[in-house]
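Chains as they are written, first to last, in this note's numbering: chain D, 1 to 279; chain G, 280 to 754.
By construction, the Cβ of each residue, glycine as well, lies at the ideal position given by its N, Cα and C atoms.
Computed from a predicted structure; not experimentally measured.
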Amino acid sequence: MSKILEKKELVPNIYELLVAAPRIARKTRPGQFVVVMADEQGERIPLTIADFDRDRGTVTLVLMVVGTSSKKIARISVGESMAAIIGPLGVASEIEKLDTVVMVAGGVGTAPVYPIARGFKEAGVRVISIQGARSKDLLFWTDRLAAVSDRHVITTDDGSAGIKGLVTEPLRELLEKDADKKIGAVYAIGPAIMMKFCCKTTEPFGVKTVASLNTIMIDGTGMCGGCRVDVGGTTRFTCVDGPEFDGHQVDWDMLLARQKIYEKEEACSLERYIETIEA
Amino acid sequence: MTAKKKRPRTPRVPMPEQTPSQRIQNFDEVPLGYTPEQAQAEAERCLQCKKPACLKGCPVNVDIPGFIGLVVEGKFAEAARRIKTTNCLPAVCGRVCPQESQCEAQCVLGKKGEPSAIGRLERFVADYERENNLIELPAKTTPTGKKVAVVGAGPAGLTVAGDLICLGYEVTVFEAFHKPGGVLAYGIPEFRMPKRIVQQEVDYLCKLGVNLELNQVVGKSISVDELFDEEGFDAVFVGVGAGLPYFMGVPGESLGGVYSASEYLTRANLMRAYDFPNYDTPIVRGKTVCVVGGGNVAMDSARTARRLGAENVYIVYRRSRQEMPARGEEIHHAEEEGIIFKLLCSPIEYLGDDRSMVRQARCQEMELGEPDASGRRRPIPKPGAEFTIDTEIVIVAIGSGANPILTRNAKGVDLNRRGYIVANDTGRTTRPGVWAGGDIVTGSATVILAMGAGKTAAADIHQYLTAENGQWLPE
Ligand SMILES: Cc1cc2nc3c(=O)[nH]c(=O)nc-3n(C[C@H](O)[C@H](O)[C@H](O)COP(=O)(O)OP(=O)(O)OC[C@H]3O[C@@H](n4cnc5c(N)ncnc54)[C@H](O)[C@@H]3O)c2cc1C
Ligand SMILES: Cc1cc2nc3c(=O)[nH]c(=O)nc-3n(C[C@H](O)[C@H](O)[C@H](O)COP(=O)(O)OP(=O)(O)OC[C@H]3O[C@@H](n4cnc5c(N)ncnc54)[C@H](O)[C@@H]3O)c2cc1C
Ligand code: SF4
Ligand code: SF4
Ligand code: FES
């Protein structure tokens, strides 16, 4: 279990990993995640299950290298294993019978968006996807996402591909043009700040907006409360009650602040890790 | 032993321990254990009563005078084996049992002086047997051909596994975390319960043939239905503990640096944040820490914070010293380590800085009113009496409840109003073939009670699976 079978760098610093995990693959539904540990000294970090193959007994993870844990995992060679993989965790996405759904993917958020978009597509829902990145060379899985979308829109901050600008622009346009209210829901998955602004964009239109929250986690099973968020004035645990919540109810500022609790320690840890691998 | 002579009443043989100033610098165990001579001297104090009162205080019926007699004779490994006939984790129980309210509370010596140091002796013989490689594997029994799944590798689950493997069952323990031991691994700190000892106890079970499947969250990775239908288990024991942290719901509880005790202790113990950055998991450190609550978990949190470098550690407790549920020894150890007790007060709000990190706890003073349902005097707020503590960390240690991750997905297993599993006195739940025991049935209790529940359930599982046509009649 947890052996890495294939690994490729999709774009600089983002890796696609194929991991042997038969029990997890068998049970995964779109929207769920795993908690992994790189090695015995490692921390437990959550990663979305970006794809799964029940027959082969594998799950696909897409990992962005941001700090020590993600760097450690990206450095594990094919054929080697992570110290632990636990899942599938979290509540699966609710694939409703809508007319149209808009899937907004920001950066590495394309990976978690993909299985949900596919789920909707398979359920006969019209899928419009908006995929955003800073620039062209950071876009990945465009073909995969396009294949499960009826319409696929790309945005880049620098205009090197698709529309120049942020994902919120085409999102607003879609909603403005949607006079007969065909869009039943918007999914926004990516950096917290992007999800926050997607929710702000959809709010005036009163369209249900689902965000997949990326809080800091440890156990992923509801035992520590470290992943707590404020949703509509009540405290919820992202790992067991989420990770998807009604984005209009989420206290985004609290989420953003809680993601930064260990900024100092993370920097120190990464600096030390880089020293050890370079030594 | 010849006729009982009047012996002079000697005080207990003290157990050497690290001095407070030493131990707050490290995470090593505080009490250092007896030497063989000290153990024998202490064992001599036991009167070898004909009708031993001490037995009444032990939930798993350890043959107390029997094993103490063997210590007197210097037969330490035999003494350990005598205990193990009814208690498979003596190195654990000798350390963390609340002896002062169990076995030792009943000892006749306690009437006029200090009771026999049963816990320390239990710890000594278990350590002696293990450290000298004298542990013997019991003879293999004939396999029954039946399979039992145990969910949760805490004291309850491990006890069930140990008992059933010896009765010839194929036993698999499913554990959600990457390390076995339950609270012994993730909750009770290293300086009270060294993790290497927990691991050795589990290794012993594995040597007996128990399969341990770590990283398996039953209810998510696999369901109880699948354990029966797909994996072919004949019985399932659920010992998942009471791991749902409670918060108070006061403003500011979401600030950075405010932890549930479970998170704080899990980071520190299981993930070894005290050894950051050698281990990758971080923990917030600061000069001042407020721990809210008055139980063992609060003491463990406070003492951990002290070792993580905090200079001022406050225990903020809403009643008085008398009502504190923590063990006397733990309160004493905490005091020795300079933990400051702020009694009769309760936090009402936390205030943060511009990075949303906690900086102050606003507290309300209390006074004691009439006794409540628990028999303890109820704290009532003193109007207008408030004060603030400057603090960088808050640890909420006000208790925990039933985690629904398994129970939500276990059809036919009834829960009570508070979410705990309903089980009869041998652990049978409302679903045939499923037993439960430990904290998930009783709510947060003790290691030895969880083990006791495991023992009873194991015996009943054996009885049920060997009976010709067993009837399932819970309660
Ligand atoms: C449900 C969920 C699904 C996720 N899915 C993916 C995914 O598919 N691909 C991906 O690349 N990332 C995903 N993430 C984010 C990923 O977990 C973090 O990037 C990772 O933990 C960073 O660890 P690090 O040590 O490399 O970086 P660090 O330097 O430790 O931290 C960088 C940032 O990551 C966040 N972080 C740190 N520790 C944790 C932790 N234990 N748990 C969660 N976040 C943490 C912090 O907000 C921090 O600011 C997901 C997060 C959640 C909650
Ligand atoms: C900080 C602290 C200090 C304590 N100090 C003492 C003390 O000094 N003396 C004493 O006697 N008692 C003490 N206790 C209480 C004692 O530890 C518990 O009563 C005892 O551990 C309960 O045992 P258990 O087997 O029922 O559950 P636990 O020890 O909680 O073990 C349950 C196990 O099940 C696992 N699990 C949970 N859900 C699942 C799932 N769905 N699938 C698979 N596995 C799962 C958990 O990860 C855990 O390993 C303390 C408790 C705490 C928190
Ligand atoms: S198991 Fe606990 S209660 Fe029983 S004799 Fe040992 S220390 Fe005392
Ligand atoms: S009651 Fe005390 S003195 Fe008597 S047998 Fe038990 S431990 Fe020994
Ligand atoms: S990660 Fe611990 S409760 Fe969610």
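Option in the options with minimal Cα separation from residue i
i	options	result
Asn214(D)	Pro191(D), Asp230(D) and Glu275(D)	Pro191(D)
Val519(G)	Ile444(G), Thr545(G) and Gly436(G)	Gly436(G)
Gly722(G)	Tyr699(G), His612(G) and Gly488(G)	Tyr699(G)
Ala540(G)	Asn557(G), Phe555(G) and Val570(G)	Val570(G)
Arg151(D)	Leu138(D), Leu171(D), Phe140(D) and Asp137(D)	Leu171(D)
Pro473(G)	Cys372(G), Leu484(G) and Gly498(G)	Cys372(G)
Ala689(G)	Ile672(G), Pro711(G), Ala384(G) and Gly531(G)	Pro711(G)
Asp718(G)	Ala736(G), Leu544(G) and Ala681(G)	Ala681(G)
Pro369(G)	Ile501(G), Ala732(G), Ala640(G) and Pro434(G)	Pro434(G)
Cys624(G)	Leu630(G), Thr667(G), Pro604(G) and Val462(G)	Thr667(G)
Cys376(G)	Leu388(G), Cys386(G) and Gly398(G)	Gly398(G)
Ile130(D)	Phe52(D), Thr156(D) and Lys7(D)	Thr156(D)
Cys642(G)	Gln381(G), Ser380(G), Val595(G) and Glu542(G)	Val595(G)
Arg54(D)	Arg26(D), Val78(D) and Cys227(D)	Arg26(D)
Pro459(G)	Ile476(G), Ala440(G), Leu349(G) and Val481(G)	Val481(G)
Gly119(D)	Lys260(D), Gly31(D) and Ile85(D)	Gly31(D)
Val497(G)	Pro468(G), Gln378(G) and Phe456(G)	Phe456(G)
Lys7(D)	Val36(D), Ile14(D), Val78(D) and Val59(D)	Val78(D)
Same chain, Cβ closer than 7 Å to residue i, five either side skipped, listed in chain order
i	result
Glu296(G)	Val309, Pro310 and Leu311
Thr168(D)	Phe197, Cys198 and Thr201
Thr545(G)	Tyr465
Gln301(G)	none
Nearest-angstrom Cα separation, counted from residue j out to residue i
i	j	result
Gly334(G)	Ala322(G)	It is worth fixing the name first, because residue 334(G) is Leu in this sequence and not Gly. Their backbone Cα atoms lie some 16 Å apart in a straight line.
Glu393(G)	Gln317(G)	16 Å
Glu590(G)	Ile303(G)	10 Å
Leu18(D)	Gly57(D)	10 Å
Ala260(G)	Pro112(D)	Since the first residue of chain G shown is 280 and the last is 754, residue 260(G) is not available in this structure.
Pro344(G)	Ile619(G)	40 Å
Lys97(D)	Val207(D)	15 Å
Asp579(G)	Tyr525(G)	17 Å
Leu506(G)	Lys363(G)	30 Å
Val592(G)	Gly336(G)	34 Å
Leu752(G)	Ile684(G)	26 Å
Ala584(G)	Tyr262(D)	17 Å
Arg361(G)	Gln479(G)	19 Å
Leu549(G)	Glu454(G)	14 Å
Pro650(G)	Arg606(G)	21 Å
Ala50(D)	Leu145(D)	12 Å
Ala577(G)	Arg597(G)	13 Å
Thr142(D)	Gln495(G)	34 Å
Pro530(G)	Arg564(G)	22 Å
Met645(G)	Pro658(G)	6 Å
Cβ-Cβ separation, residue j to residue i (assumed contact under 8 Å), whole Å
i	j	result
Val34(D)	Gly242(D)	Actually they do not touch by this definition, with Cβ atoms about 15 Å apart.
Met64(D)	Val108(D)	4 Å
Arg258(D)	Gly528(G)	No, Arg258(D) and Gly528(G) are not in contact; Cβ-Cβ is about 17 Å, not under 8 Å.
Asp219(D)	Arg23(D)	That pair is no contact at about 18 Å.
Met223(D)	Leu326(G)	Not really, about 45 Å apart at Cβ, beyond 8 Å.
Arg582(G)	His612(G)	7 Å
Leu630(G)	Ser599(G)	About 27 Å; that fails the 8 Å criterion.
Residue j beta carbon less than 9 Å from that of residue i
i	j	result
Val537(G)	Ala715(G)	no
Ala83(D)	Glu40(D)	yes
Phe355(G)	Glu408(G)	yes
Gly67(D)	Leu270(D)	yes
Lys661(G)	Thr365(G)	no
Pro88(D)	Cys239(D)	no
Val250(D)	Ala185(D)	no
Close-in-space but distant-in-sequence residues of the same chain around residue i (CB under 6 Å, 5 per side omitted)
i	result
Gly691(G)	Arg710
Pro299(G)	Glu615 and Glu616
Lys71(D)	Val65
Val568(G)	Ala584, Ala589, Val592 and Ile672
Ala702(G)	Thr708, Ala715 and Val720
Gly124(D)	none
Cβ shell of residue i (< 8 Å), same chain only, five flanking positions each side left out
i	result
Lys391(G)	Arg288
Leu166(D)	Gly132, Thr155, Asp157, Met194 and Phe197
Met294(G)	Pro310, Leu311, Gly312, Tyr313, Gln317, Ala396 and Arg399
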